[in-house]
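Participant: Line by line, the protein sequences give chains A and B.
Counting from 1, one number per residue, gives the positions in the first sequence under this note's numbering.
Counting from 1001, one number per residue, gives the positions in the second sequence under this note's numbering.
In this text, a Cβ means the ideal position worked out from N, Cα and C, and glycines have one as well.
This is the structure I have questions about; it appears just below.
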Amino acid sequence: MEKPQILVYVEKSLNYSAFDVKWIPRSAKVVAIGSHPQGTGALQVYEMTEGDLKLLHDVERPKALKCVKAHNEIVNAIDGIAGLNIGKGAPEIATGSRDGLVKVWDPRQKDRSVITIEPKDGEQRRDCWSVAFGNSHSNDDRVLCAGFDNGDVKMFDLRSMAVKWETNLKNGVCSLEFDRKDILMNKLLTTTLESKFFVYDLRTFHEEKGFAKQVNKGHKSTVWCGRHLPQNREIFVTTGGNGSVMLWKYSYPDSRSKKLDDGSEIGVVGESKPLQNATLTDQPITSFDWSPDKMGLSVCSGLDQAIRIVIVTKLNTV
Amino acid sequence: MPIHVTDYTWQQTSEKILLSLDLHQTSPKNVDIVTTNSYLKVSFLPYIFEAFLCHMINADQSTAQIMKGQIKFDLAKEDHVHWSDLCLKLSREEMQNKRQEAIKDVEEQEKKSKSKKKRSVIAVKDLLSLEQISEDDKVREERKKLIEREKTDFLKQTIEDDPQNNQTQDATSKPDIRRRISSMCSEDGTAVAQEMDYDGDGEDSIYYSSTENLHLKNGNVKIDKVDNGNRKQRKSSSIRKAALKDKEEKRKEEKKKVTTVPPVWENCIIKVKHTTRVFPTPSRESTQAEEQQWLTSQSVHSSAAKDFSSESSEEHLKKKAISLFSNGDYRGCVNACTEALKVNPCMSSLYSNRAAANLALNNLHHTINDCTKALELLTPPTEDNSKSRLLCHIRRGTAFVRLGLLSEGLAEYQAAHQITPENKTLKKDVEKIQAMITTSTDSGDSNEDDSGCGEDGVSVGFHIRTRLGGKTSYLEQ
């Protein structure tokens, strides 16, 4: 038992499908949101007590809980940054939707989005499946990445309001995450269909070739979600459509950039090594969240209508 | 019949009977012994020795030995009784009975021993499997215990990981982790976002979680963990100290500043262009090949369809034909109808129109042929196609008459008349033709030549032509 172990601590069966679970910081509580079979929205708060999850708060609404009409169709992805005075810059929320638009919202302007990212007139619209903020190391700098169902990954520099980089991964992009949102952008973890995920080294940008990337295969099914450990950004977890959770460790190469013949610099990406693999269920695990307070404590939920508190041990020895 | 042996010698002790037989030079292989506890039989063909013992013996404890051409029995007495004699002297029947009894006994004994063996074998197997199960259980228990221990250890760490006990963390952590203290954050919670040392030479990286800010209450130093595996060089401690100093200064500066949040963006729009994808479904590598195939086959079909485009060009041609006829271009009309027929050879109206054009051109044979084809297509005769049939009949009739085939022409007109009996002009035409026939037969000029129709015939033909010209110029739309 020298390797880190992925162990289920508590498993709680729900009567609805949970789409996302998140820890409430500085507490042992988790929030789960989803929808009941009859179509009503559900929001529940659970607390970890004595080896079980106790329901603290239960909300059911006839339709989705909403404050503002953000999109015309279902909002597939949401990400927030700089809230609660953490990090730099204005607090913002980004949403990505099936109507192909990516919108950025500022809580100070409640009715309209502050930035809209949309296809050019007459161009095809693709479902946006995931969004992620990053590079927010100063008040002005910020980058937003969006992943689409046709495999497009687009990075927008919000300082210059332009597309900074785009690429196509041939498979729909299920999830995007920068390893840290509030530092100079370092790594981007992209998970896609067809059991692939990509790690991009974002330190060196080449004008033509973009960022260096590393391809990895895992789970033998769609990789639904990839999440970095808050306490160590080289460790991340990926969850799969076959109900498995894999723990990976990224190691940097000897030199992070190299010079090409024409004098330009191109990034060199390292490699990800799998540390552990555990199958928790037979349905896809669609969301995973590390606890920011305790290293290794995490919560995940899947299409099997259950949420699980998962412990990953020995991460401090990795 | 085996020979009974009677030359045997026997002795007894209080516990045993010692019996010896002469084997008469039979090899030991051929000696067969049957014993029960009151019967003894030794058969070594062609000899046999049989003894109905006086008293009981313990067959299990008795032994037999073959040596020097003799067989020696060591029979254990059941009861320690002095035997007056070895064998009983019994009558034949009694002997038979006893033999049968003995045989039965032997069989029973064999059965018993077999079942005993079986039971013992099963018992052994059961024992083995039970052992295996218990071993597996043990292993499982151990594993469970390990997992439980891991969990409890993990949860215990919560107390030790309390960020308030920053200094004590060193003590509780494992010795093989190298730790480095660095000042990281300021009071208001904004993290020092810039990374300190990372420059690609394998140096330690400071990672920091913005959410960890929440734990900091008084801006204490925070202990960072360091990536074990990748270190190759270490910056000298002096440089690090200098860097730390810089950080301290920065922090102080920041404390003085009031951090301002940037203003709200002014309704900005970024336009993007996606990689084109024909299908609305998400893109997958595994389906790429199939999709490409489908797309290429679709393009092939669409290009083929352009040449073909049956319905539209056919109608176009038909319209053209009609317009050409009305303009007087009968040849053109015929050609157009022919083209249209190439596309759709089953349209009766095309034949009918072509017939009209041919009639106008005086191509009488062609007219007749076209009318015939049109009428074929117009079977079965119904209300709907009566008009069409009417036209065909009239045209054919006209053609016949012009050809001089008056009787056929008459038949046609009569058929036409049948379709529309109320049409007076038709009736008159019928009568005229009948008159023509009678006159031609009267004049004896039964010439069926095209041109030779007699002045009357020709004039009649013309007459009919002009008469019916109006009608035949009516083309089917």
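Return yes when the Cβ of valine 269/A is within less than 8 Å of the Cβ of lysine 209/A, no when it is not.
Facilitator: For lysine 209/A and valine 269/A, no; Cβs fall outside 8 Å.
Participant: Let me know the secondary structure DSSP gives glutamine 231/A once reduced to three states.
Facilitator: Glutamine 231/A: coil per DSSP, three-state reduction.
Participant: Rounded to the nearest angstrom, what separates lysine 164/A and serine 1303/B at their Cα positions?
Facilitator: If you take the alpha carbons of lysine 164/A and serine 1303/B, they lie about 40 Å apart.
Participant: According to the Cβ coordinates, are threonine 1390/B and isoleucine 1419/B closer than 8 Å?
Facilitator: Note that residue 1390/B is leucine in the sequence shown here, rather than threonine. In contact: leucine 1390/B and isoleucine 1419/B (Cβ atoms closer than 8 Å).
Participant: Is the stretch 1293–1301 of chain B in contact with the stretch 143–152 of chain A, if contact means three or more CB pairs nearer than 8 Å?
Facilitator: As far as the Cβ criterion goes, the stretch 1293–1301 of chain B does not touch the stretch 143–152 of chain A, which means the pair count is below three.
Participant: Can you say whether methionine 161/A is buried or exposed, counting buried as having 16 or more other CB atoms within 10 angstroms of its CB?
Facilitator: That one is exposed.
Participant: Using C-beta distances below 6 Å, list every residue in its chain close to glutamine 1065/B, excluding the 5 sequence neighbours before and after it, in chain order.
Facilitator: Only Lys1072 meet the Cβ criterion.
Participant: Can you give me the Cβ contacts of leucine 1130/B inside the same chain, cut-off strictly under 6 Å, excluding the 5 residues immediately before and after it?
Facilitator: Excluding positions up to five away in sequence, the list is empty.
Participant: Run the proximity test for asparagine 1362/B: is its beta-carbon closer than 7 Å to any non-hydrogen atom belonging to the ligand SAM?
Facilitator: As for the ligand SAM, it is missing from this structure, which has no ligand bound.
Participant: Out of Glu1141/B, Tyr1008/B, Lys1151/B and Arg1331/B, which one is the CA nearest neighbour of glutamate 50/A?
Facilitator: Out of Glu1141/B, Tyr1008/B, Lys1151/B and Arg1331/B, Lys1151/B has the C-alpha closest to the C-alpha of glutamate 50/A.
Participant: Would glutamate 1285/B count as contacting chain A if we go by Cβ distances under 8 Å?
Facilitator: Closer than 8 Å to some Cβ of chain A, the Cβ of glutamate 1285/B qualifies, so yes.
Participant: For a contact meaning CB atoms closer than 8 Å, what does arginine 126/A contact in chain B?
Facilitator: In chain order: His1274 and Arg1277.
Participant: In the DSSP assignment, what are the bridge partners of isoleucine 183/A?
Facilitator: In the DSSP output, where bridge partners are listed per residue, isoleucine 183/A has none listed.
Participant: Give the straight-line distance between the Cα atoms of valine 319/A and valine 75/A, rounded to the nearest whole angstrom.
Facilitator: Lying before the first or after the last residue shown, residue 319/A is absent from chain A, which here runs from 1 to 318.
Participant: What are the residues that DSSP puts in a beta bridge with lysine 389/A?
Facilitator: Examination of residue 389/A is not possible in this model, given that chain A is present from 1 through 318 alone.
Participant: Can you tell me where the beta strand (DSSP E) holding serine 97/A begins and where it ends?
Facilitator: Run containing serine 97/A: 92–97, per the beta strand (DSSP E) assignment.
Participant: Taking Cβ-Cβ distances shorter than 9 Å, what residues in chain A pair up with glutamate 1150/B?
Facilitator: Neighbours of glutamate 1150/B on chain A, chain order: Met1, Gln5, Leu7, Ile311, Thr313 and Lys314.
Participant: Grab me the residues of serine 1330/B's own chain with a C-beta within less than 6 Å of its C-beta, minus the 5 sequence neighbours each way, in chain order.
Facilitator: Checking the displayed sequence, the identity of residue 1330/B turns out to be tyrosine instead of serine. If we look at tyrosine 1330/B and ignore the five residues flanking it on each side, its Cβ neighbours are Ala1357, Ala1360 and Leu1361.
Participant: Can you look up methionine 1436/B in the DSSP assignment and give me helix, strand or coil?
Facilitator: Methionine 1436/B: helix per DSSP, three-state reduction.
Participant: May I ask which residues mark the beginning and end of the alpha helix (DSSP H) holding serine 1062/B?
Facilitator: Not the alpha helix (DSSP H): serine 1062/B falls in the beta strand (DSSP E), residues 1057–1067.
Participant: Helix, strand or coil: how does DSSP classify serine 244/A here?
Facilitator: Note: serine 244/A maps to strand in three-state DSSP.
Participant: Which one of His206/A, Gly151/A and Pro253/A has the shortest CA to CA distance from glycine 263/A?
Facilitator: For glycine 263/A, the nearest C-alpha among the options comes from His206/A.
Participant: Select from Asn135/A, Ser272/A and Thr204/A the residue whose C-alpha is nearest the C-alpha of isoleucine 183/A.
Facilitator: Answer by Cα proximity: Asn135/A.
Participant: For the stretch 1010–1027 of chain B against the stretch 281–300 of chain A, do three or more pairs of beta-carbon atoms, one drawn from each stretch, fall closer than 8 Å, so that the two count as touching?
Facilitator: With the cut-off at 8 Å, the stretch 1010–1027 of chain B and the stretch 281–300 of chain A do not touch.
Participant: Determine, for valine 1264/B, whether the minimum Cβ-Cβ distance to residues of chain A falls below 8 Å.
Facilitator: Chain A, which has a Cβ nearer than 8 Å to the Cβ of valine 1264/B, makes this yes.
Participant: Using a Cβ-Cβ distance cut-off of 8 Å, determine whether valine 1139/B contacts chain A.
Facilitator: Answer no: the Cβ-Cβ gap between valine 1139/B and chain A never drops below 8 Å.
Participant: If contact is defined by three or more beta carbon pairs under 8 Å, each pair taking one atom from either stretch, is the stretch 24–39 of chain A in contact with the stretch 298–311 of chain A?
Facilitator: The answer is yes - the stretch 24–39 of chain A touches the stretch 298–311 of chain A, with three or more Cβ pairs under 8 Å.
Participant: Taking CB distances under 8 Å as the criterion, tell me whether phenylalanine 156/A reaches chain B.
Facilitator: Taking Cβ atoms only, chain B reaches closer than 8 Å to phenylalanine 156/A, which makes this a yes.
Participant: Check whether the stretch 307–317 of chain A touches the stretch 1032–1041 of chain B, taking contact to mean three or more Cβ pairs, one atom from each stretch, closer than 8 Å.
Facilitator: Output reads no: the stretch 1032–1041 of chain B does not touch the stretch 307–317 of chain A.
Participant: Can you look up tyrosine 1413/B in the DSSP assignment and give me helix, strand or coil?
Facilitator: Residue state, collapsed to three classes: helix.
Participant: Helix, strand or coil: how does DSSP classify aspartate 1176/B here?
Facilitator: Model confidence at aspartate 1176/B stands at a pLDDT of 31, short of 50, so the residue's coordinates are unreliable; what they give is reported in the following sentence. Aspartate 1176/B: coil per DSSP, three-state reduction.
Participant: Does any residue of chain A have a CB that is nearer than 8 Å to the CB of proline 1381/B?
Facilitator: Taking Cβ atoms only, chain A never reaches closer than 8 Å to proline 1381/B, which makes this a no.
Participant: Identify each residue in the stretch 105–130 of chain A for which the Cβ-Cβ distance to at least one residue of chain B is less than 9 Å, and report them in chain order.
Facilitator: For the stretch 105–130 of chain A, which is checked against every Cβ of chain B, the residues closer than 9 Å are Asp106, Arg108, Gln109, Arg112, Ser113, Val114, Ile115, Thr116, Ile117, Glu118, Pro119, Lys120, Asp121, Glu123, Gln124, Arg125, Arg126, Asp127 and Trp129.
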